[in-house]
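Enquirer: Just add 52 to wherever you are in the sequence shown, counting from 1, and you've got this note's numbering.
The beta-carbon is built from N, C-alpha and C at its ideal position, and this holds for glycine as well.
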Amino acid sequence: MADAFTDFFTFLAGSALPRFMQGLGTTLLIAGCSIAIGFALGILTGTGRAFGNAVVSKICAVYIEVVRGIPLIVQILIWRYAFSGFYDFLQNTLGLPVNAALLAAILAIGINSGGYQAEIIRAGVNAIPSGQTEAGLSLGMNRGQVIKAILLPQTLRMSIPPLINEFVIVIKDTSLALAIGITELASIAQSLTSQYPGQIFEIYMINAAVYLIICFGISSLSKVAEKRLAIAGFGVKGRRSLL
């Protein structure tokens with residue numbers, strides 16, 4: 053038994069942990085960029101659905117339904133292989149040092165998350181009493197000022213729990229990037245199992261533990277933020293399941 057523990061920790065320190073740290077950096081890069089893209093798209097399309105005219109609202113609704121109706125793995129493959137000419141243009145014409153696979157994963161996951169974040173934002177806007185909009189307009193504010201100064205700040209505060217839930221899902225979704233050859237956490241685990249077939253259980257347990265630590269840490273921070281910024285009597289239920 054003692055020898056087994058010694059072998060495990062030797063394997064962990066000497067082979068597994070350094071490789072997982074390499075993959076962790078890529079995972080966090082993809083997640084961070086995807087969350088930022090999704091958040092920007094979520095605000096634009098969420099407010100567009102809530103306040104836009106019929107055409108704008110319909111365009112936003114189509115975007116949301118498309119990205120939520122196609123499996124994310126399919127979207128990643130589309131962005132990687134159907135738009136290869138776009139990456140060639142960035143690399144060869146503009147001379148940008150673009151990693152095509154990495155950019156494809158970021159765009160696919162970010163745009164996909166934007167559809168879910170849009171519904172969270174829209175739910176937050178709809179949770180605010182219409183009287184606040186009417187009060188802002190009666191004070192001489194235009195519709196854009198009402199959205200920016202009154203509705204959006206409250207919406208973001210109320211949306212913290214479901215948004216954090218979405219951010220956690222995005223982190224886990226980065227594991228799908230292994231399908232296009234990116235060396236993130238899940239890809240590192242897969243590579244290690246082929247090199248160390250006798251340590252498959254340990255490798256995937258370490259992989260799962262790293263994801264768990266990241267997601268639990270973010271969820272814990274979100275609870276602190278929620279308590280500090282919560283608006284009494286309001287809440288948003290626009291989150292998607294973690295399962």
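Looking at Ile82 and Ala231, is the spacing between their C-beta atoms short of 8 Å?
Expert: Contact flag unset, no.
Enquirer: What residue from Leu189, Leu237, Phe91, Leu273 has the CA that sits closest to Gly167's CA?
Expert: When only C-alpha atoms are compared, the closest one is Phe91.
Enquirer: Can you tell me the Cα-Cα spacing of Gly86 and Ala157, whole angstroms?
Expert: One detail in the question is off: residue 86 reads as Ser in this sequence, not Gly. Cα-Cα distance, rounded: 8 Å.
Enquirer: If Ile173 sits next to Ser211, beta carbons under 8 Å apart, how far is it from one beta carbon to the other, in whole angstroms?
Expert: About 6 Å; that satisfies the 8 Å criterion.
Enquirer: Taking Cβ positions only, does Pro123 come closer than 8 Å to chain C?
Expert: Of the chains in the structure shown, none is chain C; there is only one protein chain.
Enquirer: Could you have a look at Ser211 and say whether DSSP puts it in helix, strand or coil?
Expert: In this structure, Ser211 counts as coil in the three-state DSSP scheme.
Enquirer: Is Leu148 buried or exposed, if buried means 16 or more other CB atoms sit within 10 Å of its CB?
Expert: The residue in question, Leu148, is exposed, as its Cβ has fewer than 16 Cβ neighbours within 10 Å.
Enquirer: CB-CB under 6 Å to Ile89, same chain, minus the five flanking residues each way: which ones, in chain order?
Expert: Here the set comprises Gly162.
Enquirer: Rounded to whole angstroms, how far is the Cβ of Ala170 from the Cβ of Thr97, which I believe are closer than 8 Å?
Expert: Rounded, the Cβ-Cβ distance is 4 Å, consistent with contact.
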